[in-house]
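Protein chains: 2
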Amino acid sequence: MMQNELVLNDVDKAILRLMQDDARITNVAISKKLKMAPSAVLERVRKLEERGVIKGYTANINPSALNKELLAFIFIKSADGFGCDTSARAFAAIPEVQEVHNIAGDDCYLVKVRVANTQALMELRRKKFSKIANILSMRTTIVMETVKETQTISIT
Amino acid sequence: MMQNELVLNDVDKAILRLMQDDARITNVAISKKLKMAPSAVLERVRKLEERGVIKGYTANINPSALNKELLAFIFIKSADGFGCDTSARAFAAIPEVQEVHNIAGDDCYLVKVRVANTQALMELRRKKFSKIANILSMRTTIVMETVKETQTISIT
DNA sequence: GTGTAATAAGAATATTATTCTGCTATGTAT
DNA sequence: ATACATAGCAGAATAATATTCTTATTACAC
Numbered sequence: 001m002m003q004n005e006l007v008l009n010d011v012d013k014a015i016l017r018l019m020q021d022d023a024r025i026t027n028v029a030i031s032k033k034l035k036m037a038p039s040a041v042l043e044r045v046r047k048l049e050e051r052g053v054i055k056g057y058t059a060n061i062n063p064s065a066l067n068k069e070l071l072a073f074i075f076i077k078s079a080d081g082f083g084c085d086t087s088a089r090a091f092a093a094i095p096e097v098q099e100v101h102n103i104a105g106d107d108c109y110l111v112k113v114r115v116a117n118t119q120a121l122m123e124l125r126r127k128k129f130s131k132i133a134n135i136l137s138m139r140t141t142i143v144m145e146t147v148k149e150t151q152t153i154s155i156t
Numbered sequence: 001m002m003q004n005e006l007v008l009n010d011v012d013k014a015i016l017r018l019m020q021d022d023a024r025i026t027n028v029a030i031s032k033k034l035k036m037a038p039s040a041v042l043e044r045v046r047k048l049e050e051r052g053v054i055k056g057y058t059a060n061i062n063p064s065a066l067n068k069e070l071l072a073f074i075f076i077k078s079a080d081g082f083g084c085d086t087s088a089r090a091f092a093a094i095p096e097v098q099e100v101h102n103i104a105g106d107d108c109y110l111v112k113v114r115v116a117n118t119q120a121l122m123e124l125r126r127k128k129f130s131k132i133a134n135i136l137s138m139r140t141t142i143v144m145e146t147v148k149e150t151q152t153i154s155i156t
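Line by line, the protein sequences give chains X and G.
FYI, in the numbering used here the residues of the first sequence are 1 to 156.
FYI, in the numbering used here the residues of the second sequence are 1 to 156.
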């Protein structure tokens with residue numbers, strides 16, 4: 001039998017902690033920290049990838065280096081029916097859109113976007129969002145300062 | 001002279017694109033795609049790291065594998081004075097908090113949290129947030145479905 | 001021209017990744 | 001209890017990669 005599809009043991013968690021902290025850590029480094037053989041670590045990492053526990057690896061780039069210093073959240077009311085995420089997919093297809101969430105309470109979406117400046121934000125709204133059907137209203141909130149921004153999940 | 005502190009050329013951008021897409025890509029693989037020597041790529045990657053263009057590398061972990069399936073945004077009004085981010089730092093120190101933004105318009109914070117379920121969210125509010133001084137009010141918005149969630153920046 | 005700095009290639013070496021084999025523990029069916 | 005299958009890990013051998021160092025080239029300032 002196998003029922004370990006969803007179960008992570010302590011070794012898995014330790015690996016995830018290390019790779020979440022530094023995705024470019026070597027297998028050898030992991031194996032030393034965990035006092036295991038590199039081959040055993042490799043096997044576990046592969047299984048974590050195969051099982052979809054690890055979805056991928058990303059480099060975190062400084063937004064200002066790419067002249068993308070303006071972060072904003074846009075609340076969008078849409079005429080999409082229940083279970084229909086047509087406009088959500090359209091939002092997601094825009095490169096400047098980092099996140100699209102269907103939020104409770106107001107039958108609307110919360111969209112996180114990152115652009116160069118307020119002018120670019122205006123252009124994004126006019127040229128990209130305005131083309132998307134079903135949008136009833138948009139409310140934009142601009143971020144003045146970001147104190148913390150990670151995707152890190154606390155592994156206990 | 002050197003004024004390249006902030007300037008990225010096409011090679012840099014190509015490297016960033018590749019590493020943003022897959023942070024565990026090898027130097028050799030990058031060098032083949034870019035038709036360069038591995039040593040040259042390595043030198044550029046190191047400089048990107050040193051200059052802070054690349055802030056780090058992260059493994060993207062499936063939240064449901066870690067039983068963190070509830071995402072929520074909390075809008076917090078605080079009595080912090082201007083330029084004072086005492087409570088923001090307190091928010092950032094909480095492991096379940098993934099993002100803390102100082103947003104315009106309502107002298108308040110937008111905090112993104114990831115927890116197991118609604119019960120855990122309640123506990124987080126009671127045990128962690130309620131201890132933080134200066135909080136005037138909190139409004140929580142629960143995410144029902146996430147259509148897109150990345151930190152990826154479009155590199156043009 | 002001359003010097004300097006940045007950039008990249010190439011070769012040599014160190015380190016790591018990967019594969020494969022075998023061992024052990026665990027659980028299951030007979 | 002015995003036999004069998006499976007998961008997990010270690011160890012060794014080999015393939016691949018990372019890293020260092022040297023050299024060449026270019027661009028640019030003086």
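The beta carbon of each residue, even a glycine, is placed where N, CA and C say it ideally should be.
Quick check on residue i: buried or exposed, where buried means 16 or more other Cβ atoms within 10 Å of its Cβ?
i, result
"Val-28/X", "exposed"
"Glu-43/G", "exposed"
"Ser-137/G", "exposed"
"Cys-108/G", "buried"
"Asn-117/G", "exposed"
"Asn-9/G", "exposed"
"Lys-13/G", "exposed"
"Ala-23/X", "buried"
"Glu-50/X", "exposed"
"Glu-96/X", "buried"
"Met-2/X", "Its pLDDT being 41, under 50, Met-2/X is placed unreliably in this model, and the coordinates cannot settle the point."
How many Å lie between residue i and residue j at the Cα?
i, j, result
"Met-19/X", "Ile-25/G", "14 Å"
"Gly-52/X", "Pro-63/G", "10 Å"
"Leu-34/X", "Ile-15/X", "8 Å"
"Ile-155/G", "Asn-102/X", "26 Å"
"Ala-65/G", "Val-7/X", "8 Å"
"Leu-71/G", "Ala-37/G", "44 Å"
"Ala-79/G", "Glu-99/G", "20 Å"
"Ile-30/G", "Ala-59/G", "19 Å"
"Thr-152/X", "Ala-40/G", "32 Å"
"Leu-48/G", "Gly-56/X", "21 Å"
"Arg-46/X", "Lys-32/X", "18 Å"
"Ser-87/G", "Met-144/X", "16 Å"
"Lys-77/X", "Leu-110/X", "9 Å"
"Phe-73/X", "Leu-121/G", "22 Å"
"Ile-54/G", "Ile-135/X", "36 Å"
"Cys-84/X", "Asp-106/G", "32 Å"
"Asn-67/G", "Arg-114/G", "10 Å"
"Thr-146/G", "Phe-75/X", "14 Å"
"Glu-123/G", "Thr-140/X", "30 Å"
"Glu-69/G", "Gln-119/X", "36 Å"
"Gly-142/G", "Arg-17/G", "Checking the sequence, you will find Ile at residue 142/G rather than Gly. Each residue's alpha carbon lies about 32 Å from the other."
"Ile-61/X", "Thr-150/G", "12 Å"
"Lys-148/G", "Lys-112/X", "10 Å"
"Ala-104/G", "Gly-81/X", "31 Å"
"Ala-133/X", "Val-11/X", "48 Å"
"Asp-21/X", "Asp-21/G", "17 Å"
Have a look at the DSSP bridge pairing and note the partners of residue i.
i, result
"Ser-137/X", "Lys-77/X"
"Asn-60/G", "Gly-56/X"
"Leu-70/G", "Val-115/G"
"Cys-238/X", "Shown here, chain X extends from 1 to 156; a query on residue 238/X therefore has no answer."
What is the DSSP secondary structure of residue i, counted as helix, strand or coil?
i, result
"Gln-98/X", "strand"
"Ala-90/G", "helix"
"Arg-46/G", "helix"
"Ile-153/G", "coil"
"Met-144/X", "strand"
"Lys-128/G", "coil"
"Val-28/X", "helix"
"Arg-17/X", "helix"
"Leu-121/G", "helix"
"Leu-8/G", "coil"
"Ala-23/G", "coil"
"Ala-40/G", "helix"
"Lys-33/G", "helix"
Using 7 Å as the cut-off, classify the Cβ of residue i as near or not near the heavy atoms of the ligand MN, replying yes or no.
i, result
"Ile-54/X", "In the structure on display, the ligand MN does not appear, and there are no ligands present to speak of."
### Task
Tell me, please, whether the region 121-134 of chain G touches the region 89-108 of chain G by the rule of three or more beta-carbon pairs shorter than 8 Å.
A contact exists between the region 121-134 of chain G and the region 89-108 of chain G.
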